[in-house]
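Participant:
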Amino acid sequence: MKPIAKADGSLQISPEEAYTAGIWTKPPFDLRGLSKMVDESTILPQCIRAYKSNIAGFGIDIRYKDDFADADETTEMKAEWDRATEVVEMLNMEQESNELFEDIVEARETYGCAYAEVIRDMDGNVIQLEFIEDTPSVEKSRRLDPRVDVTYFHRDHTENRMRKFRKYKQTVNGKTVYYKEFGDPRIMDPTSGEYVTELEFKSRANEIIEFAIGTATYGKVRWVGSILTVDGARRAESLNNNYFLNGRHTPLLIMVKGGSLTDDSFAKLKEYMNGIRGEAGQHSFMVLETEAADNRTGFNAENRPEVEVKDLAAILQKDELFQDYLENNRRKVQSAFQLPDLYTGYTTDFNRATAQTAMEVTEKQVFQPERRRLAWAINNRLLNCYQFKYVEVFFRAPDVSNPDDLYKLLTVCNNAGGLTPNKAKSVLYKALGETSEDFPEEWGDIPLAFTNAQQRAAAITVAGNSPSAAQNSGSDDGKENAQPETKPAQNAQQGGPSVEEQLDGQIQKAAAANETELVAVMKEVRRLLADMKQEEGDAE
Numbered sequence: 005m006k007p008i009a010k011a012d013g014s015l016q017i018s019p020e021e022a023y024t025a026g027i028w029t030k031p032p033f034d035l036r037g038l039s040k041m042v043d044e045s046t047i048l049p050q051c052i053r054a055y056k057s058n059i060a061g062f063g064i065d066i067r068y069k070d071d072f073a074d075a076d077e078t079t080e081m082k083a084e085w086d087r088a089t090e091v092v093e094m095l096n097m098e099q100e101s102n103e104l105f106e107d108i109v110e111a112r113e114t115y116g117c118a119y120a121e122v123i124r125d126m127d128g129n130v131i132q133l134e135f136i137e138d139t140p141s142v143e144k145s146r147r148l149d150p151r152v153d154v155t156y157f158h159r160d161h162t163e164n165r166m167r168k169f170r171k172y173k174q175t176v177n178g179k180t181v182y183y184k185e186f187g188d189p190r191i192m193d194p195t196s197g198e199y200v201t202e203l204e205f206k207s208r209a210n211e212i213i214e215f216a217i218g219t220a221t222y223g224k225v226r227w228v229g230s231i232l233t234v235d236g237a238r239r240a241e242s243l244n245n246n247y248f249l250n251g252r253h254t255p256l257l258i259m260v261k262g263g264s265l266t267d268d269s270f271a272k273l274k275e276y277m278n279g280i281r282g283e284a285g286q287h288s289f290m291v292l293e294t295e296a297a298d299n300r301t302g303f304n305a306e307n308r309p310e311v312e313v314k315d316l317a318a319i320l321q322k323d324e325l326f327q328d329y330l331e332n333n334r335r336k337v338q339s340a341f342q343l344p345d346l347y348t349g350y351t352t353d354f355n356r357a358t359a360q361t362a363m364e365v366t367e368k369q370v371f372q373p374e375r376r377r378l379a380w381a382i383n384n385r386l387l388n389c390y391q392f393k394y395v396e397v398f399f400r401a402p403d404v405s406n407p408d409d410l411y412k413l414l415t416v417c418n419n420a421g422g423l424t425p426n427k428a429k430s431v432l433y434k435a436l437g438e439t440s441e442d443f444p445e446e447w448g449d450i451p452l453a454f455t456n457a458q459q460r461a462a463a464i465t466v467a468g469n470s471p472s473a474a475q476n477s478g479s480d481d482g483k484e485n486a487q488p489e490t491k492p493a494q495n496a497q498q499g500g501p502s503v504e505e506q507l508d509g510q511i512q513k514a515a516a517a518n519e520t521e522l523v524a525v526m527k528e529v530r531r532l533l534a535d536m537k538q539e540e541g542d543a544e
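The sequence shown begins at 5 in the numbering used here and counts up one residue at a time.
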């Protein structure tokens, strides 16, 4: 019998197989319509700009991976750091690398997907990344057989996997150019989209790397459930705007009693009523002439016609229509992006406390996960060809820590004896935006409270060994002279509660207040102090 072997790749059936007879797929709707909706919306541009600025806007940088963050820097590590820095800085010559990814985020939030053209050198390394501006012009095929063997670098070794790849094509004004999917090792002709065995290097097709939202073929905008909401808001705004163009601003009603308008006045009134649409008709006036109803030439007090003017300003539209509807729609769209008002310019209901909370929650639930996903794509897909072992790319983030909370925590830790000089220096330099280096001496890692206790004990010992102290000691009775010598630690206790006793009191207070995290920190400090005293006793 033939042994059963593991499949060389995923066997799932893609939905693309059921909806296309050929190899090329189509988006479910015209993507340019999404762009038009964004342009005509009063809230989508703000939400997209918030994503763009907060995900990639703070910059892109290099750091050592967690396994090597605390290791001594070697020549190999330094060389890899310099190489990665150069690669990231030179990804695009027209703009900064973080601006390139800002454009990618903006297109992704507008269309549901974004594309970038990848250019390699003759060694197969990625040297350039070009954002494809006209996203709707790109079409893609379904994943095509056969499966291709690809090499993937992970940590310190390479592995091989079998996978299918797509083809991409971009059509603009009747011109078409073909691309490979990123990672496809085969050679493609960019004019026909066919794979070939040999082709001059400069004539080979480039690759496209895709950044999509969701698992749909063309991605799916996160505000897809709010499309009707956005369209309804646009129509409401259009109706309000139309009022200024064609609305009738008629503040007065003219009534004629016991007579009629002259032909000239009637014509003038008719012309006036037809011409008071929009802003041009505001604050206009007219003069009317009347005549008696029985066509007599003279007027007397009994049959004189009356012209009465009534104020209609009370029934005129004083403000825009659908204000509640528009406000609810705005909140629905923001909810789709999980953004509070603070990020879209609506800050009337915020104070410092609520603003701080909103920033912390949004940063943790929205922007940090998005930065990690984008950084993963850069490290594990785009730059995998460089086989970096020590360094990785990451996106910088804002500091949303609350200074008041940090002050309280440091105060409690210092009172409990857990704050070291190195930690205090690190916190200070970080707040100032500078890089700090630890004190090289051992005392830099010893808690300040413990150091102070040692200094007090030493001072008491010196005072006890002074001549005046000896004379006072000699005048005492023999019973007192027979007492054993007091240790410095005991003298420190005579001056007040020991550090351990103070710490125990703080732990009890924190436990009574249900501050479990603080209790855990102080217990760890208590254990550290006990270990340090034990080591000191063993040394003696």
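Cβ atoms here follow ideal geometry from the backbone N, Cα and C, with glycine treated the same way.
1. Checking the sheet assignment: what are the DSSP bridge partners for Q510?
2. Evaluate F248 with the Cβ neighbour count: other Cβ atoms within 10 Å of its Cβ, from every protein chain shown; 16 or more gives buried, anything less gives exposed.
3. Would you list the residues sitting across from T155 in a DSSP beta bridge?
4. Between the Cα of G116 and the Cα atoms of R124, N129, S101, P140, which residue gives the shortest distance?
5. Per DSSP, L133 forms a beta bridge with which residues?
6. For Q327, which of R239, N177, L410, V313 has the nearest alpha-carbon?
7. Tell me whether the beta-carbon of V337 lies closer than 7 Å to the beta-carbon of M363.
8. Can you tell me whether DSSP reads M192 as helix, strand or coil?
9. Can you check the stretch 412-444 for any alpha helix (DSSP H) of at least 4 residues that lies completely inside it and give the ranges in chain order?
10. Inspect the beta-carbon positions of F135 and L104 and report whether they are closer than 7 Å.
11. Below 8 Å, can you find three or more Cβ-Cβ pairs linking the stretch 355-372 to the stretch 37-49?
12. In the structure shown, what three-state DSSP assignment does Y222 receive?
13. Quick check: what's the CA-CA separation for D1 versus L273?
14. One question on the structure: do R375 and F341 come within less than 7 Å of each other, judged by their Cβ atoms?
15. Can you give the beta carbon distance from R385 to I213, rounded, assuming they're within the 8 Å contact cut?
16. What is the DSSP secondary structure of S141, counted as helix, strand or coil?
17. Excluding the 5 residues flanking D127 on each side, which residues of the same chain have their C-beta closer than 7 Å to its C-beta?
18. Can you give the beta carbon distance from E20 to R165, rounded, assuming they're within the 8 Å contact cut?
19. Ignoring anything shorter than 4 residues, give me the alpha helix (DSSP H) runs that lie fully in the stretch 356-400, in order along the chain.
20. Quick check on the DSSP output: what are the complete beta strand (DSSP E) runs of length 3 or more inside the stretch 21-109, in order along the chain?
21. When the Cα of F62 is compared with those of A54, A515, A428, A401, which residue comes out closest?
22. What residues in its chain sit with their C-beta under 7 Å from that of Y119, if we drop five residues either side in the sequence?
23. Is the beta carbon of S101 sitting closer than 7 Å to the one on I64?
24. What residue does the beta strand (DSSP E) around K184 start on, and which one ends it?
Facilitator: In short, the structure shows the following:
1. According to DSSP, which records beta bridges pairwise, Q510 is partnered with nothing at all.
2. exposed
3. N164
4. P140
5. V122
6. R239
7. no
8. strand
9. 425-435
10. yes
11. no
12. coil
13. Nothing about residue 1 can be read from this structure; the chain reaches only from 5 to 544.
14. no
15. 7 Å
16. helix
17. none
18. The pair is not a contact, with the Cβ atoms about 21 Å apart (cut-off 8 Å).
19. 356-366, 372-381
20. 64-68
21. A401
22. I136, T139, V142, I212, E214
23. yes
24. 179-185
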